[in-house]
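Note sheet for the following structure.
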Amino acid sequence: GAGVSQSPSNKVTEKGKDVELRCDPISGHTALYWYRQSLGQGLEFLIYFQGNSAPDKSGLPSDRFSAERTGGSVSTLTIQRTQQEDSAVYLCASSTNRAGANVLTFGAGSRLTVL
Amino acid sequence: DAKTTQPTSMDCAEGRAANLPCNHSTISGNEYVYWYRQIHSQGPQYIIHGLKNNETNEMASLIITEDRKSSTLILPHATLRDTAVYYCIVLNNNAGNMLTFGGGTRLMVKP
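For the protein sequence lines, the chains are A and B, in the order given. Counting in my numbering, the first sequence runs from 1 upward without gaps. Counting in my numbering, the second sequence runs from 1001 upward without gaps.
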């Protein structure tokens, strides 16, 4: 597609439930990133995928968070046993990952509200 | 570890140039300066990037000092739609490094 697509755009869930957030990157982009942004806060890096390399999971806040990227394209971020502090906008970005020109294109985000 | 320092907020009159400063005094030789902005309720948007030469595109100009310790993003004729948080980020040129966003500058363009 023309841009990075994320779904759902809004998700309201109850504490303790699992949620899955989906990201469709720009076709041909080898790198995919997940960030989250709590209300009024800056962007917090979560995880990064590059081609077939092992993902950089250094930003995941707890083991309740995991992400997959299947076939080098679509990615799913899973949050298990959601907590209220997980409420945030989850942003996905992709890039061609060329050295010296690592320009990220972001999706519109998935707003998660945990009641 | 804050690699960049930006003012928390700035105002600009509509139609005037908006000059957004960024200090990156510890920048290393292989690090680029990237600028993104985030308009309310949207994902961040790439604006421009550069290494040492000044750069210009349809959105903005980037002026980097000769010692590369600071830079200025210039929006030549700010509009109300340019109201956003502007992030200055330094990033080395190795493919695969992710952007680390600081607090940015909240630019308010006023009529």
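C-beta atoms are modelled at their ideal positions from N, C-alpha and C, and glycine is treated no differently. Because the structure is a prediction, the values reported are computed rather than measured.
Boundaries of the beta strand (DSSP E) in which residue i is found, first to last residue
i	result
ILE1063 of chain B	1061 to 1064
PHE45 of chain A	43 to 50
HIS1049 of chain B	1045 to 1050
MET1108 of chain B	1105 to 1110
LEU1080 of chain B	Looking at the DSSP string, LEU1080 of chain B is not in any beta strand (DSSP E), and its letter there is neither H nor E.
LYS67 of chain A	Lys is not the amino acid found at residue 67 of chain A; the sequence shown has Ala there. 65 to 69 is the extent of the beta strand (DSSP E) around ALA67 of chain A.
Bridge partner(s) assigned by DSSP for residue i
i	result
ASN1023 of chain B	B:THR1005, B:SER1070
GLU1055 of chain B	B:LEU1062
ARG111 of chain A	A:ASN10, A:VAL89
LEU32 of chain A	A:PHE49, A:SER94
ARG1037 of chain B	B:GLN1045, B:TYR1086
ILE26 of chain A	According to DSSP, which records beta bridges pairwise, ILE26 of chain A is partnered with nothing at all.
LEU21 of chain A	A:LEU77
MET1098 of chain B	BP columns for MET1098 of chain B are empty, so no partner.
ASN1092 of chain B	B:GLU1031
THR105 of chain A	A:SER94
GLN37 of chain A	A:LEU43, A:VAL89
Under 7 Å from the C-beta of residue i: neighbouring residues of chain A
i	result
LEU1091 of chain B	ASN102
Chain A contacts from the region 1042 to 1055 of chain B (Cβ-Cβ distance under 9 Å) = For the region 1042 to 1055 of chain B, the beta-carbon criterion of a distance under 9 Å to any beta-carbon of chain A is satisfied by GLN1042, GLY1043, PRO1044, GLN1045, TYR1046, HIS1049, LEU1051.
Evaluate contact between the region 1067 to 1075 of chain B and the region 24 to 41 of chain A, counting only Cβ atoms and requiring at least three cross-stretch pairs below 8 Å.
-> Under the three-pair Cβ rule at 8 Å, the region 1067 to 1075 of chain B does not count as touching the region 24 to 41 of chain A.
Could you run through the region 34 to 53 of chain A and flag, in chain order, every residue whose CB is less than 7 Å away from some CB of chain B?
-> Here the close residues are GLY42, LEU43, PHE45, TYR48, GLN50.
When the Cβ atoms of the region 89 to 96 of chain A are set against those of the region 1016 to 1036 of chain B, are three or more pairs found closer than 8 Å?
-> no
Three or more C-beta pairs below 8 Å linking the region 17 to 34 of chain A and the region 47 to 63 of chain A = Yes, since at least three Cβ pairs between the region 17 to 34 of chain A and the region 47 to 63 of chain A fall closer than 8 Å, the two stretches touch.
Is the region 101 to 111 of chain A close to the region 3 to 15 of chain A, with three or more CB pairs under 8 Å?
-> yes
Evaluate the contact criterion for the region 1100 to 1107 of chain B versus the region 1056 to 1066 of chain B: three or more CB pairs, one atom per stretch, below 8 Å.
-> no
Give a yes or no on contact between the region 1034 to 1041 of chain B and the region 1079 to 1091 of chain B, applying the rule of three or more CB pairs nearer than 8 Å.
-> yes
Would you be able to state if there are at least three C-beta pairs under 8 Å between the region 1006 to 1017 of chain B and the region 1050 to 1059 of chain B?
-> no
Flag this pair as touching only if the region 61 to 71 of chain A and the region 1065 to 1072 of chain B have three or more C-beta atom pairs under 8 Å; answer yes or no.
-> no
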